[in-house]
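This report refers to the structure that appears directly beneath it.
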Amino acid sequence: APAAGTQALPLDRMIIRQGTLSITVKDPVAGVQAITTIVEGVNGYVASTNYENVGDTQTTTMSLRIPSQDYANVVQNIRGLALKVNQETSTSQDVTEQFSDLNAQLRNLQATETQYLALMAKAQTVDDIIKVQTQLTEVRGKIEQLQGQINFLQRKSDFSQLDITLIPEAQQAQVPKARSRFINAVTTGWDASLEALSVIVYLAVSLWWLILVVLIGFGIVRFVRGRRPLPTTPAPKPPETTPGPDLAPTP
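Heads up, the sequence shown is in the working numbering, so the first residue is 154 and it goes up one at a time.
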(Lines of atoms letter the chains of each structure in order from A and count residues from 1; the text may use other names and numbers.)
(Lines give C-alpha, C1' and ligand atoms only; values in the text may rest on other atoms or scores of the structure.)
Protein backbone atom coordinates (compact mmCIF):
# COMPACT_ATOMS: atom_id res chain seq x y z
CA ALA A 1 0.00 0.00 0.00
CA PRO A 2 1.25 3.55 -0.66
CA ALA A 3 2.72 5.40 2.32
CA ALA A 4 0.72 8.08 4.11
CA GLY A 5 0.75 11.41 2.33
CA THR A 6 1.50 9.81 -1.05
CA GLN A 7 -0.87 8.87 -3.87
CA ALA A 8 -0.35 5.91 -6.21
CA LEU A 9 0.09 7.06 -9.79
CA PRO A 10 -2.33 5.51 -12.29
CA LEU A 11 -0.68 2.90 -14.49
CA ASP A 12 -1.27 3.28 -18.22
CA ARG A 13 -2.36 -0.04 -19.61
CA MET A 14 -0.47 -1.42 -22.58
CA ILE A 15 -2.91 -3.18 -24.89
CA ILE A 16 -2.00 -5.02 -28.07
CA ARG A 17 -5.04 -5.10 -30.34
CA GLN A 18 -5.45 -7.15 -33.52
CA GLY A 19 -8.47 -7.52 -35.77
CA THR A 20 -9.72 -8.92 -39.07
CA LEU A 21 -12.44 -7.55 -41.32
CA SER A 22 -13.97 -9.13 -44.46
CA ILE A 23 -16.17 -6.84 -46.52
CA THR A 24 -17.94 -6.87 -49.86
CA VAL A 25 -17.28 -3.81 -52.02
CA LYS A 26 -18.31 -2.71 -55.48
CA ASP A 27 -14.74 -2.13 -56.68
CA PRO A 28 -11.77 -3.56 -54.71
CA VAL A 29 -9.27 -1.17 -56.32
CA ALA A 30 -11.31 1.86 -55.30
CA GLY A 31 -11.79 0.26 -51.89
CA VAL A 32 -8.03 -0.06 -51.39
CA GLN A 33 -7.55 3.61 -52.26
CA ALA A 34 -10.29 4.73 -49.89
CA ILE A 35 -8.96 2.58 -47.03
CA THR A 36 -5.42 3.88 -47.59
CA THR A 37 -6.70 7.44 -47.34
CA ILE A 38 -8.53 6.68 -44.08
CA VAL A 39 -5.49 5.04 -42.48
CA GLU A 40 -2.98 7.67 -43.55
CA GLY A 41 -5.35 10.34 -42.29
CA VAL A 42 -4.66 9.21 -38.70
CA ASN A 43 -0.90 8.78 -39.27
CA GLY A 44 -1.20 5.04 -39.79
CA TYR A 45 0.14 3.08 -42.74
CA VAL A 46 -0.55 0.14 -45.02
CA ALA A 47 1.96 -2.62 -44.24
CA SER A 48 1.04 -4.76 -47.26
CA THR A 49 -1.50 -5.12 -50.08
CA ASN A 50 -2.07 -8.29 -52.08
CA TYR A 51 -4.21 -8.87 -55.20
CA GLU A 52 -4.85 -12.51 -56.06
CA ASN A 53 -6.82 -14.06 -58.92
CA VAL A 54 -7.44 -17.82 -58.98
CA GLY A 55 -9.76 -18.76 -61.85
CA ASP A 56 -12.92 -16.71 -61.42
CA THR A 57 -12.09 -15.89 -57.80
CA GLN A 58 -10.58 -12.50 -56.99
CA THR A 59 -9.34 -11.64 -53.51
CA THR A 60 -7.75 -8.43 -52.26
CA THR A 61 -6.12 -8.32 -48.83
CA MET A 62 -4.59 -5.47 -46.86
CA SER A 63 -2.65 -5.38 -43.61
CA LEU A 64 -2.93 -2.07 -41.76
CA ARG A 65 -1.13 -0.49 -38.82
CA ILE A 66 -3.34 1.98 -37.01
CA PRO A 67 -2.57 4.20 -33.99
CA SER A 68 -4.26 2.39 -31.10
CA GLN A 69 -6.30 5.42 -30.00
CA ASP A 70 -7.81 5.66 -33.51
CA TYR A 71 -8.47 1.95 -34.07
CA ALA A 72 -12.20 1.97 -33.33
CA ASN A 73 -12.87 5.05 -35.50
CA VAL A 74 -10.88 3.62 -38.42
CA VAL A 75 -12.77 0.32 -38.27
CA GLN A 76 -16.07 2.18 -38.24
CA ASN A 77 -15.07 4.28 -41.26
CA ILE A 78 -13.96 1.21 -43.21
CA ARG A 79 -17.24 -0.53 -42.39
CA GLY A 80 -18.95 2.46 -43.98
CA LEU A 81 -17.30 1.63 -47.30
CA ALA A 82 -18.73 -1.89 -47.36
CA LEU A 83 -21.83 -3.07 -49.17
CA LYS A 84 -21.80 -5.97 -46.71
CA VAL A 85 -19.68 -6.93 -43.72
CA ASN A 86 -18.98 -10.65 -44.09
CA GLN A 87 -16.88 -11.24 -40.98
CA GLU A 88 -15.23 -9.25 -38.22
CA THR A 89 -12.99 -10.31 -35.34
CA SER A 90 -11.04 -8.41 -32.71
CA THR A 91 -8.65 -9.56 -29.99
CA SER A 92 -6.86 -7.65 -27.24
CA GLN A 93 -3.89 -8.62 -25.09
CA ASP A 94 -2.87 -6.73 -21.96
CA VAL A 95 0.93 -6.72 -21.74
CA THR A 96 1.26 -4.14 -18.98
CA GLU A 97 2.73 -6.53 -16.41
CA GLN A 98 5.09 -8.07 -18.94
CA PHE A 99 6.26 -4.60 -19.99
CA SER A 100 6.84 -3.56 -16.37
CA ASP A 101 8.75 -6.76 -15.58
CA LEU A 102 11.01 -6.32 -18.59
CA ASN A 103 11.76 -2.73 -17.58
CA ALA A 104 12.62 -3.84 -14.03
CA GLN A 105 15.04 -6.46 -15.38
CA LEU A 106 16.54 -3.85 -17.68
CA ARG A 107 17.18 -1.44 -14.81
CA ASN A 108 18.88 -4.17 -12.76
CA LEU A 109 21.13 -5.13 -15.64
CA GLN A 110 22.01 -1.50 -16.31
CA ALA A 111 23.00 -1.14 -12.65
CA THR A 112 25.18 -4.25 -12.95
CA GLU A 113 26.75 -2.80 -16.07
CA THR A 114 27.67 0.35 -14.16
CA GLN A 115 29.35 -1.75 -11.46
CA TYR A 116 31.39 -3.67 -13.99
CA LEU A 117 32.48 -0.43 -15.63
CA ALA A 118 33.70 0.78 -12.24
CA LEU A 119 35.61 -2.48 -11.73
CA MET A 120 37.10 -2.14 -15.19
CA ALA A 121 38.46 1.28 -14.29
CA LYS A 122 40.11 -0.18 -11.17
CA ALA A 123 41.51 -3.34 -12.78
CA GLN A 124 45.29 -3.54 -12.49
CA THR A 125 46.17 -6.72 -14.35
CA VAL A 126 45.39 -8.06 -17.79
CA ASP A 127 43.71 -11.11 -16.22
CA ASP A 128 41.37 -8.88 -14.18
CA ILE A 129 40.54 -6.80 -17.22
CA ILE A 130 39.70 -9.92 -19.27
CA LYS A 131 37.45 -11.32 -16.52
CA VAL A 132 35.56 -8.04 -16.10
CA GLN A 133 35.27 -7.57 -19.85
CA THR A 134 33.76 -11.08 -20.22
CA GLN A 135 31.12 -10.37 -17.59
CA LEU A 136 30.45 -6.94 -19.06
CA THR A 137 29.91 -8.40 -22.55
CA GLU A 138 27.42 -10.95 -21.19
CA VAL A 139 25.46 -8.29 -19.32
CA ARG A 140 25.34 -5.99 -22.33
CA GLY A 141 24.02 -8.87 -24.47
CA LYS A 142 21.15 -9.40 -22.02
CA ILE A 143 20.46 -5.66 -21.98
CA GLU A 144 20.13 -5.62 -25.78
CA GLN A 145 17.73 -8.58 -25.71
CA LEU A 146 15.51 -6.96 -23.10
CA GLN A 147 15.57 -3.64 -24.90
CA GLY A 148 14.48 -5.39 -28.11
CA GLN A 149 11.53 -7.05 -26.33
CA ILE A 150 10.51 -3.76 -24.73
CA ASN A 151 10.66 -1.95 -28.07
CA PHE A 152 8.59 -4.69 -29.70
CA LEU A 153 5.83 -4.46 -27.09
CA GLN A 154 5.89 -0.68 -27.34
CA ARG A 155 5.42 -0.74 -31.11
CA LYS A 156 2.69 -3.39 -30.96
CA SER A 157 0.76 -1.42 -28.37
CA ASP A 158 1.21 1.91 -30.13
CA PHE A 159 -0.05 0.57 -33.48
CA SER A 160 -2.91 -1.92 -33.72
CA GLN A 161 -3.02 -4.40 -36.59
CA LEU A 162 -6.05 -4.79 -38.84
CA ASP A 163 -6.14 -7.34 -41.68
CA ILE A 164 -8.81 -6.68 -44.31
CA THR A 165 -10.23 -8.88 -47.09
CA LEU A 166 -12.13 -7.16 -49.90
CA ILE A 167 -14.51 -9.23 -52.07
CA PRO A 168 -16.08 -7.72 -55.21
CA GLU A 169 -19.88 -7.62 -55.29
CA ALA A 170 -20.18 -9.35 -58.68
CA GLN A 171 -18.23 -12.37 -57.45
CA GLN A 172 -20.67 -13.24 -54.68
CA ALA A 173 -23.66 -13.30 -57.04
CA GLN A 174 -21.78 -15.17 -59.74
CA VAL A 175 -22.58 -18.78 -58.77
CA PRO A 176 -26.11 -19.84 -57.74
CA LYS A 177 -26.43 -21.95 -54.62
CA ALA A 178 -27.84 -24.97 -56.47
CA ARG A 179 -24.89 -24.98 -58.86
CA SER A 180 -22.53 -24.65 -55.94
CA ARG A 181 -24.05 -27.72 -54.27
CA PHE A 182 -23.80 -29.68 -57.54
CA ILE A 183 -20.17 -28.70 -58.01
CA ASN A 184 -19.38 -29.61 -54.40
CA ALA A 185 -21.02 -33.03 -54.87
CA VAL A 186 -19.08 -33.69 -58.09
CA THR A 187 -15.85 -32.56 -56.48
CA THR A 188 -16.42 -34.76 -53.44
CA GLY A 189 -17.15 -37.81 -55.60
CA TRP A 190 -14.12 -37.18 -57.78
CA ASP A 191 -11.85 -36.81 -54.75
CA ALA A 192 -13.22 -40.06 -53.29
CA SER A 193 -12.57 -41.98 -56.54
CA LEU A 194 -9.02 -40.63 -56.74
CA GLU A 195 -8.41 -41.68 -53.16
CA ALA A 196 -9.66 -45.23 -53.84
CA LEU A 197 -7.47 -45.43 -56.96
CA SER A 198 -4.45 -44.29 -55.01
CA VAL A 199 -5.04 -47.08 -52.46
CA ILE A 200 -5.17 -49.68 -55.26
CA VAL A 201 -1.98 -48.37 -56.83
CA TYR A 202 -0.28 -48.32 -53.44
CA LEU A 203 -1.19 -51.96 -52.76
CA ALA A 204 -0.06 -53.02 -56.24
CA VAL A 205 3.31 -51.32 -55.82
CA SER A 206 3.81 -52.49 -52.24
CA LEU A 207 2.83 -56.16 -52.86
CA TRP A 208 4.51 -56.67 -56.26
CA TRP A 209 6.68 -59.42 -54.80
CA LEU A 210 3.59 -61.35 -53.64
CA ILE A 211 2.11 -61.17 -57.13
CA LEU A 212 5.42 -62.44 -58.54
CA VAL A 213 5.48 -65.39 -56.11
CA VAL A 214 1.92 -66.36 -57.05
CA LEU A 215 2.75 -66.27 -60.77
CA ILE A 216 5.88 -68.37 -60.29
CA GLY A 217 3.96 -70.90 -58.21
CA PHE A 218 1.23 -71.12 -60.80
CA GLY A 219 3.83 -71.71 -63.53
CA ILE A 220 5.49 -74.50 -61.52
CA VAL A 221 2.15 -76.26 -60.99
CA ARG A 222 1.39 -76.07 -64.71
CA PHE A 223 4.85 -77.43 -65.55
CA VAL A 224 4.57 -80.37 -63.14
CA ARG A 225 1.16 -81.30 -64.41
CA GLY A 226 2.41 -81.19 -68.00
CA ARG A 227 5.23 -83.70 -67.31
CA ARG A 228 3.11 -86.26 -65.38
CA PRO A 229 2.38 -89.39 -67.61
CA LEU A 230 -1.17 -89.90 -68.56
CA PRO A 231 -2.85 -93.00 -66.97
CA THR A 232 -3.20 -95.98 -69.39
CA THR A 233 -6.60 -97.57 -69.93
CA PRO A 234 -6.51 -101.44 -69.70
CA ALA A 235 -7.68 -103.37 -72.78
CA PRO A 236 -11.13 -104.87 -72.44
CA LYS A 237 -11.18 -108.59 -71.56
CA PRO A 238 -12.89 -111.04 -74.05
CA PRO A 239 -16.21 -112.35 -72.81
CA GLU A 240 -15.96 -115.63 -71.02
CA THR A 241 -17.89 -118.60 -72.57
CA THR A 242 -19.62 -121.16 -70.35
CA PRO A 243 -19.54 -124.70 -71.78
CA GLY A 244 -22.98 -126.17 -72.28
CA PRO A 245 -24.09 -129.86 -71.91
CA ASP A 246 -22.85 -132.30 -74.59
CA LEU A 247 -25.57 -133.02 -77.07
CA ALA A 248 -24.79 -136.54 -78.18
CA PRO A 249 -26.99 -138.00 -80.98
CA THR A 250 -29.46 -140.41 -79.68
CA PRO A 251 -29.42 -143.86 -81.26
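Even glycine gets a Cβ: it sits at the ideal position worked out from N, Cα and C. In this text, all values refer to a predicted model and were calculated from it rather than measured experimentally.
1) I'd like the span of the alpha helix (DSSP H) that includes residue 184, first residue to last.
2) Give a yes or no on contact between the stretch 190–207 and the stretch 260–278, applying the rule of three or more CB pairs nearer than 8 Å.
3) What's the call for residue 313, buried or exposed, on a 16-neighbour Cβ count within 10 Å?
4) On a CA-only basis, which of 232, 239, 235, 189 is nearest residue 217? Give me that one, please.
5) Can you give the beta carbon distance from residue 405 to residue 262, rounded, assuming they're within the 8 Å contact cut?
6) Taking DSSP's pairing of strands, which residues face residue 134 in a bridge?
7) From this set, 248, 176, 183, which residue's C-alpha is nearest residue 241's C-alpha?
8) Can you list, in chain order, the residues of its chain whose CB lies under 6 Å from that of residue 258, leaving out five sequence neighbours each side?
9) Using 8 Å for Cβ pairs, my map puts residue 215 next to residue 178. What's the rounded Cβ distance?
10) How close, in whole Å, do the beta carbons of residue 168 and residue 247 come, if the pair is a contact with beta carbons under 8 Å?
11) Is the separation between the beta-carbon of residue 174 and that of residue 283 shorter than 7 Å?
12) Looking at residue 166: is its Cβ nearer than 7 Å to the Cβ of residue 278?
13) For residue 416, list the residues DSSP reports as bridge partners.
14) With distance defined between alpha-carbon atoms, name the residue in 213, 198, 221 nearest to residue 309.
15) Given that a residue counts as buried once 16 or more other Cβ atoms are within 10 Å of its Cβ, and exposed if not, what is residue 347?
16) List the whole-angstrom C-beta distance separating residue 172 from residue 315, where the pair is believed to meet the contact cut-off of C-beta under 8 Å.
17) Please name the residue in 367, 353, 323 whose C-alpha comes closest to that of residue 209.
18) Is the Cβ-Cβ distance between residue 285 and residue 276 less than 7 Å?
In brief:
1) Along the sequence shown, one-based indexing puts residue 184 at 31. 181–193 is the extent of the alpha helix (DSSP H) around residue 184.
2) Not touching, per the Cβ criterion.
3) What you label residue 313 is simply residue 160 of the sequence shown in a count that begins at 1. Buried, by the Cβ-count rule.
4) As a working mapping, residue 217 is identified with position 64 in the sequence shown. When C-alpha distances from residue 217 are compared across 232, 239, 235, 189, the shortest belongs to 189.
5) Nothing in the structure corresponds to residue 405, since the chain is present only between 154 and 404.
6) The chain is shown only over 154 to 404; residue 134 falls outside these bounds and no answer can be derived.
7) Position 88 of the sequence shown, counted from the start, is the residue given in the question as residue 241. The option with the nearest alpha carbon to residue 241 is 176.
8) Along the sequence shown, one-based indexing puts residue 258 at 105. If we look at residue 258 and ignore the five residues flanking it on each side, its Cβ neighbours are 299.
9) If you number the sequence shown from 1, residue 215 lands on position 62. If you number the sequence shown from 1, residue 178 lands on position 25. Actually they are not in contact, since the Cβ atoms of residue 215 and residue 178 sit about 12 Å apart, beyond 8 Å.
10) On the sequence shown, residue 168 is found 15 positions in, with the first residue counted as 1. On the sequence shown, residue 247 is found 94 positions in, with the first residue counted as 1. Correct: roughly 6 Å between the Cβ atoms.
11) Sequence index remark: in the sequence shown, residue 174 carries index 21 (1-based). Sequence index remark: in the sequence shown, residue 283 carries index 130 (1-based). No. Outside cutoff.
12) As a working mapping, residue 166 is identified with position 13 in the sequence shown. As a working mapping, residue 278 is identified with position 125 in the sequence shown. It is not a contact, given that the beta carbons lie outside the stated cut-off.
13) Shown here, the chain extends from 154 to 404; a query on residue 416 therefore has no answer.
14) Along the sequence shown, read from residue 1 onward, the residue named residue 309 stands at position 156. That would be 221, whose Cα lies nearest to the Cα of residue 309.
15) Translated into the one-based positions of the sequence shown, residue 347 becomes position 194. Exposure of residue 347 is indicated by the presence of fewer than 16 other C-beta atoms within 10 angstroms of its C-beta.
16) Numbered from its first residue, the sequence shown carries residue 172 at position 19. Numbered from its first residue, the sequence shown carries residue 315 at position 162. Separation of the CB atoms of residue 172 and residue 315 is rounded to 5 Å, and the pair is thereby assigned contact status at 8 Å.
17) Translated into positions along the sequence shown, residue 209 becomes position 56. Ranked by Cα distance from residue 209, the options 367, 353, 323 are led by 323.
18) In the sequence shown, counting from the first residue as 1, residue 285 sits at position 132. In the sequence shown, counting from the first residue as 1, residue 276 sits at position 123. With contacts defined as CB atoms closer than 7 Å, residue 285 and residue 276 qualify as a contacting pair.
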